[in-house]
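Structure first, then comments.
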Amino acid sequence: MRNRKGGFGECTAGNDQACPVEFTLDVIGGKWKGIILYHLMYGTKRFSDFRRICPGITQRMLTLQLRELEEDGVVHREVYQQVPPKVEYSLTEFGKTLIPIINLMKDWGEEYKTKQRSPESSLQQPSPNGRF
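For the sequence shown, the numbering used here assigns the number 8 to the initial residue and increments by one for each residue that follows.
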């Protein structure tokens, strides 16, 4: 795991341990990590696959995000000794524990997107079951 400096917003207010949600967001948060993890749920991907899936991400940012996910133990990087070089990325067993979280984020995003497009949308008022 990467050496963390207490999280994003220091919500710990002097405690030794970071807020669990803050810690989770440090691992999976950011513009691209969730998208990378979402696509890895469906199988092994190569660097070029991510460039095609996420055309807006720069090569440098993709490298950084994959490296951080690897350092956090959620993504495995497999380098094949061949010419030209071949590198594949997959979820580790620990990374697979994020699948339910990513699926919930996907479901929430689909529901939010539907509500947002609805003319009578009331985004501030969740239903009694806590969903929008």
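By construction, the Cβ of each residue, glycine as well, lies at the ideal position given by its N, Cα and C atoms. Model, not experiment: these values are computed from the prediction.
Open item on the list: Can you list, in chain order, the residues of its chain with a C-beta nearer than 7 Å to that of residue 14? Leave out the 5 residues immediately preceding and following it.
Closed with: As a position in the sequence shown, residue 14 is number 7, starting the count at 1. For residue 14, the predicted structure reports a pLDDT of 49, less than 50, and the residue's modelled location is therefore unreliable. The matter cannot be settled from this model.
TODO: Along the beta strand (DSSP E) that carries residue 87, what are the first and last residues, could you check?
DONE: In the sequence shown, the residue the question calls residue 87 occupies position 80. Per DSSP, residue 87 belongs to the beta strand (DSSP E) from 82-87.
Task: For residue 82 and residue 73, believed in contact at Cβ under 8 Å, the rounded distance - done: By 1-based counting over the sequence shown, the position of residue 73 is 66. By 1-based counting over the sequence shown, the position of residue 82 is 75. Your pair residue 73 and residue 82 checks out as a contact, with CB atoms roughly 6 Å apart and the cut at 8 Å.
Task: Buried or exposed (CB count within 10 angstroms, at least 16 for buried), residue 109 - done: Here residue 109 refers to the residue found at position 102 when the sequence shown is read from its first residue. So residue 109 counts as buried.
TODO: Would you give the residue range spanned by the beta strand (DSSP E) that residue 96 belongs to?
DONE: The residue labelled residue 96 in the question sits at position 89 within the sequence shown. Counting along the chain, the beta strand (DSSP E) containing residue 96 begins and ends at 93-98.
- [ ] Kindly identify the DSSP beta-bridge partner or partners of residue 53.
- [x] Taking the first residue of the sequence shown as 1, we reach residue 53 at position 46. Beta-bridge pairing links residue 53 to 95.
Open item on the list: Among 95, 106 and 122, whose alpha-carbon lies nearest the alpha-carbon of residue 51?
Closed with: Indexing the sequence shown from 1 puts residue 51 at position 44. For residue 51, the nearest C-alpha among the options comes from 95.
Task: Rounded straight-line distance, which links the Cα of residue 35 to that of residue 47 - done: Numbered from 1 along the sequence shown, position 40 holds the residue referred to as residue 47. Numbered from 1 along the sequence shown, position 28 holds the residue referred to as residue 35. Distance between the alpha carbons of residue 47 and residue 35: 13 Å.
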